[in-house]
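Every letter in the sequence shown is one number past the one before it in the numbering used here, and letter 196, counting from 1, is 570.
From the three backbone atoms N, C-alpha and C, an ideal C-beta is built for every residue, glycine too.
Here the structure comes first, spelled out in structure tokens, and everything after it is commentary.
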Amino acid sequence: MRKFISFTLVSFLIVIALTAFQINHPAPVTATNYSEYMAKAHKNDLPIPTGIIAQAPKMEVKGEMLTYGNIDGQPIMGYVSTPVNAEKPLPGLIVIHEWWGLNDNIKMMTDRLAGEGYTALAVDLYQGDVADNPDEALKLVQRALGNTAPLENNLKQAYKYLSDYQNIMGITEAPRVGSIGWCFGGLWSLNTALLLPDQLDATVIYYGGNITTDPKKLMTLQMPILGIFGELDQNPSVALVKEFEQVLLALGKEVEIHIYEKADHAFANSSGTRYNAEAAESAWEKTTAFLAKYL
């Protein structure tokens with residue numbers, strides 16, 4: 375009991391100290407400013423996967439669109455990919471799309487992740503809508519951020535489905551489940567961890583803007599965290615990323631942060647104007663190593 379009281383006191387003092395540390399920092403970017411920044415960052419982009427990263431998975435996979443939940447009585451369709459002829463329980467991955475929606479590029483990345491030995495479920499936070507241009511994407515992301523309750527419900531059902539899916543395959547439930555997302559999906563990969571702090575086993579965040587640095591929220595996280603960011607990105611800025619890392623370390627969390635020089639927001643998306651092949655490949659290697667270690 376004395377040890378528990380001491381631990382609680384230490385945790386309380388850390389939160390107080392970190393909260394005081396944050397007082398002199400700028401106010402967080404609002405949802406409106408976040409969506410406007412995303413529109414600026416993707417101004418000349420088109421969501422079209424190219425041959426640069428359209429690589430075949432390491433092993434043969436099978437993917438299909440199917441229902442993994444429902445919201446307000448309406449089915450949620452996602453893309454599930456898994457290695458062919460899997461003979462053992464596979465770790466699960468919740469794959470979260472960019473601001474474009476669940477498009478072919480995300481399906482390709484989901485296949486690629488499945489080829490590393492996972493059952494990968496690409497969720498659809500837009501419930502069927504996909505943007506073909508930045509103006510459409512802006513409307514979709516503003517709608518999503520205007521009411522986040524359905525997104526949270528969606529992700530919780532995705533987590534549950536990954537365990538059940540293994541049973542559908544006649545194997546067993548997923549031994550471990552992680553999350554990964556890019557851009558808008560990077561933010562929601564962290565949000566998934568905050569929604570499921572005791573259940574998720576690992577989380578990967580690719581340049582997710584508006585990430586929280588609130589120690590009261592981050593102290594709940596129980597899983598290792600990998601963060602991939604660009605030096606030239608303004609949301610999240612390098613200052614915000616470093617604060618995020620410092621808060622997590624002070625809380626005793628297991629966190630690995632990489633900030634790539636001369637890389638901007640969305641540097642890992644080959645269909646965008648900010649694609650950085652060298653940084654993208656390095657980030658992919660770090661991502662697969664991290665997932666292999668913790669899942």
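Check, Outcome
"Mapping the DSSP letters down to three states, classify PHE618 as helix, strand or coil.", "helix"
"Between the Cα of GLY582 and those of ASP575, ASP572, GLY555, spot the shortest distance and give me the residue it belongs to.", "GLY555"
"Please report how far the alpha carbon of TYR408 lies from the alpha carbon of ASN609, in whole angstroms.", "8 Å"
"Restricting to Cα atoms, I'd like to know which of TRP562, ASP588, LYS534, GLY646 is closest to GLU619.", "ASP588"
"Can you pull the DSSP bridge partners for ILE585?", "DSSP output for ILE585 lists no bridge partner at all."
"In its own chain, which residues sit with a C-beta less than 8 Å from the C-beta of TYR411, not counting the 5 before and 5 after it?", "VAL403, GLY583, GLN608, ASN609"
"What's the gap between the Cα of GLN396 and the Cα of LEU592?", "For GLN396, the predicted structure reports a pLDDT of 47, less than 50, and the residue's modelled location is therefore unreliable. A value from the coordinates is still provided. Distance between the alpha carbons of GLN396 and LEU592 is about 14 Å."
"Return the Cβ separation of GLY601 and TYR634 in integer angstroms, given the expectation that the two are a contact with Cβ distance under 8 Å.", "At roughly 11 Å, the Cβ-Cβ gap does not stay under 8 Å, so GLY601 and TYR634 are not in contact."
"Given this structure, state the Cα-to-Cα distance separating ARG442 from GLN596, to the nearest angstrom.", "Sequence check: residue 442 is Tyr here, not Arg. So the two alpha carbons sit approximately 25 Å from each other."
"I'd like to check one pair, HIS632 with ALA657: are the Cβ atoms closer than 8 Å?", "yes"
"Could you give the distance in angstroms between the alpha-carbon of LEU568 and the alpha-carbon of THR594?", "7 Å"
"What number of angstroms, rounded off, separates the C-alpha of PRO524 from the C-alpha of GLY552?", "20 Å"
"Keeping to the same chain, check which residues put their C-beta closer than 7 Å to that of GLN429; ignore five residues upstream and five downstream.", "ARG486"
"Given a cut-off of 8 Å, decide if PRO421 and PRO549 are closer than it, judged by their beta-carbon atoms.", "no"
"Note down, one range per segment and in chain order, each alpha helix (DSSP H) of at least 4 residues found wholly within the segment 496-561.", "508-520, 523-542"
"Check whether the Cβ atoms of VAL578 and THR661 sit closer than 8 Å, and answer yes or no.", "yes"
"Give me the DSSP bridge partner(s) of ASN444.", "PRO449"
"What residues match up with HIS471 in a beta bridge as DSSP calls it?", "The partner list for HIS471 (beta bridge, DSSP) is empty, contrary to what the question assumes."
"By DSSP, does ALA654 sit in helix, in strand, or in coil?", "helix"
"Do LEU669 and ALA637 have their C-beta atoms closer together than 8 Å?", "no"
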